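With this note's numbering, you'll find the sequence shown wraps up at 1254, consecutive numbering, no jumps. Heads up, the beta-carbon is just placed ideally off N, CA and C, and yes, glycines get one too. None of the values given here were measured: they were computed from a predicted structure. Working notes, structure below.
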Amino acid sequence: MAAFPDIPKVQYEGPDSNNPLAFRWYNPEEVVEGKTMKEHLRFTICYWHTFRGNGSDPFGAGTMQRPWDDGSESVENACSRVPVAFELFEKLGVPYYAFHDRDVAPEGGSLSETNSNFEAVAKVLKSEQERTGIKLLWGTANMFSHPRFMHGAATTCNADVYAYCGAQVKKALEVTHELGGENYVFWGGREGYQNLYNTDMKRELDHLAKFFHMAVDYAKEIGFTGQFLIEPKPKEPTKHQYDSDAAACLNFLRAYDLMGHFKLNIETNHATLAGHTMMHELEYAGMQGGLGSIDANTGDLMLGWDTDQFPTDYYLCTQIMLVLLKYGIAPGGVNFDAKVRRESFEPIDLFYAHIGGMDAFAKGLKVAAAIRADNALDGFVADRYSSFDEGIGKQIENGEVGFKELEAYMLEKGDVDPNKSGRQEFLENVVNRYMDKS
Ligand code: XUL
Ligand code: CO
């Protein structure tokens, strides 16, 4: 029986449509820069918020109406939730989904029971993937919700917990591999600390690096060739998260000889919590060959925590797409790590939320492609740095001069020319013009 019987498959109707259950910008087969929108955007729905989020917050109980869910932590309930999820993915025309092990299947009384629960649900996931052609973008292990992870997962002070995590990731990798997952994500929910009085930071980071090397080795052993991703986030839940932003993650990967094996999964709300724009984080990762995938959402600038709202801002999506078009995103994708507000409790709100996010990204893709077609920003940037294309600038870039030569050059010249205006306001107007036209 259909869980969303009154909702038809969502269709593209164009920008003039007033139908709230239609796309106005996302036209999956429309070609942009030589590829379809579907291929560019690789939209992904996350299982945790969309199928396990109940709307509870630290002050109150869940609010969501989910008539297909009996609210129990049984394997039967977990299995009957799967076709509902795939009905939503299909009706939205989304090609990928992503999960944590514990979103899809309940924890059992022992590790082996937990593993068999996971295997049982994975069978249903596999048959729904085969029925629909919908694929797994990434899998991950939830090593933050259960009390056993209170001191950390791979950065715990308790060696037994570390061992438990090894076993858990081993299984999550096997299932991700079995389901054809194209990536595997590590978000270090408890990998950080609250206080340095009780923490050996060096030892914790050494352990974390060892853990990642074990994951790389085991992937090789089982033939999993998906991309490993680390997802940076600062200050939540621990005060100091080790993987706080793109720069911290890349430094860690380099220091521990993991650069060839990992890229980053950059999330908008995590970037803003780190005091960066999403565009900054994407560019920082991209310029070092470390941009792997994105978790698409948005925060609330009035609040200092992770609100995981659906992205609807055309400017934000344009900025994201400018960077994704520059560096590419596959085998990563655009994963809506976002949740409907606890007041948006009806099943249909899940559709409105995803339609809005998909449309905002499609619009961002179109605007970014139009800007790129005219070289409207890159051309300006290239010209801004053109003093390094010749003369002394070229010699600097080529490593042909040192301080003595720079001094000789400047003593002869006397002082600098003011060079060129940065034209920020002019360029913001340029982006507005493309927003109007595209
Ligand atoms: C937490 C978060 C996670 C990761 C996967 O803020 O974003 O859901 O995406 O563990
Ligand atoms: Co995320």
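- Separation of the CB atoms of residue 1022 and residue 958 is rounded to 24 angstroms, and the pair is thereby denied contact status at 8 angstroms.
- Residue 820 carries a coil assignment under DSSP once its states are collapsed to helix, strand and coil.
- When distances are taken from the beta-carbon of residue 1231 to the heavy atoms of ligand 2, even the shortest one reaches 6 angstroms or more.
- At least one heavy atom of ligand 1 lies closer than 6 angstroms to the C-beta of residue 956.
- Per DSSP, residue 1165 is one residue of the alpha helix (DSSP H) stretching across 1163 to 1189.
- Between the alpha carbons of residue 969 and residue 1009 lies a gap of roughly 11 angstroms.
- With respect to the 7 angstroms criterion, residue 860 and residue 871 are not classified as neighbours on the basis of their beta carbons.
- 7 angstroms or more divides the Cβ of residue 949 from the Cβ of residue 1000.
- About 5 angstroms separates the Cβ atoms of residue 914 and residue 862, confirming a contact at the 8 angstroms cut-off.
- Per DSSP, residue 894 is not a residue of any beta strand (DSSP E); the alpha helix (DSSP H) it occupies stretches across 891 to 908.
- Those residues whose C-beta sits under 5 angstroms from the nearest heavy atom of ligand 2 are, from N- to C-terminal order along the chain, 1083, 1111, 1153.
- Excluding five sequence positions before and after residue 900, the CB atoms of its chain that fall closer than 7 angstroms to its own CB belong to 819, 884, given in chain order.
- Residue 1086 is a Cβ neighbour of residue 1048, given a cutoff of 7 angstroms.
- Taking C-beta atoms as the reference points, residue 1080 and residue 1063 fail to come closer than 7 angstroms.
- Note that the C-beta distance between residue 1038 and residue 993 is below 7 angstroms.
- Between residue 909 and residue 951, the beta carbon gap of about 13 angstroms keeps them out of contact (Cβ cut-off 8 angstroms).
- In this structure, ligand 1 has a non-hydrogen atom nearer than 6 angstroms to the beta-carbon of residue 1122.
- With respect to residue 1006, residue 1068 sits apart: the two C-beta atoms are not nearer than 7 angstroms.
- Taking the CA atoms as reference points, residue 905 sits about 50 angstroms from residue 1204.
- Closest in C-alpha terms to residue 1185, from the list 1141, 839, 1034, 1032, comes 1141.
- Of the other Cβ atoms in all chains shown, 16 or more fall within 10 Å of the Cβ of residue 1137; this residue is therefore buried.
- Going by C-alpha positions, residue 833 is about 16 angstroms away from residue 824.
- For residue 1082, the pairing in a beta bridge is given by DSSP as 1110.
- The C-beta separation of residue 1110 from residue 1144 comes to about 12 angstroms, leaving the pair out of contact by the 8 angstroms criterion.
- Residue pairing by DSSP places residue 843 opposite no residue, since no beta bridge is assigned to it.
- Per DSSP, reduced to three states, the secondary structure at residue 848 is strand.
- Secondary structure of residue 1231 (DSSP, three-state): coil.
- Counting along the chain, residue 965 sits inside no beta strand (DSSP E), nor does DSSP assign it H or E at all.
- One Cα belongs to residue 1089, the other to residue 846, and the distance between them is close to 35 angstroms.
- Judged by DSSP in its simplified three-state form, residue 875 adopts coil rather than helix or strand.
- Nearest to residue 867 by alpha-carbon distance, out of 1130, 835, 882, is 882.
- Placement of the Cβ of residue 1047 at a distance of less than 6 angstroms from at least one heavy atom of ligand 1 is found.
- In terms of Cβ geometry, residue 933 and residue 921 form a close pair [threshold 7 angstroms].
- Annotation: the continuous beta strand (DSSP E) that includes residue 914 extends over 912 to 916.
- Taking a contact as a CB-CB distance under 8 angstroms, the pair residue 1024 and residue 1058 counts as one, their CB atoms being some 7 angstroms apart.
- Collapsing the DSSP output to three states places residue 1225 in a helix.
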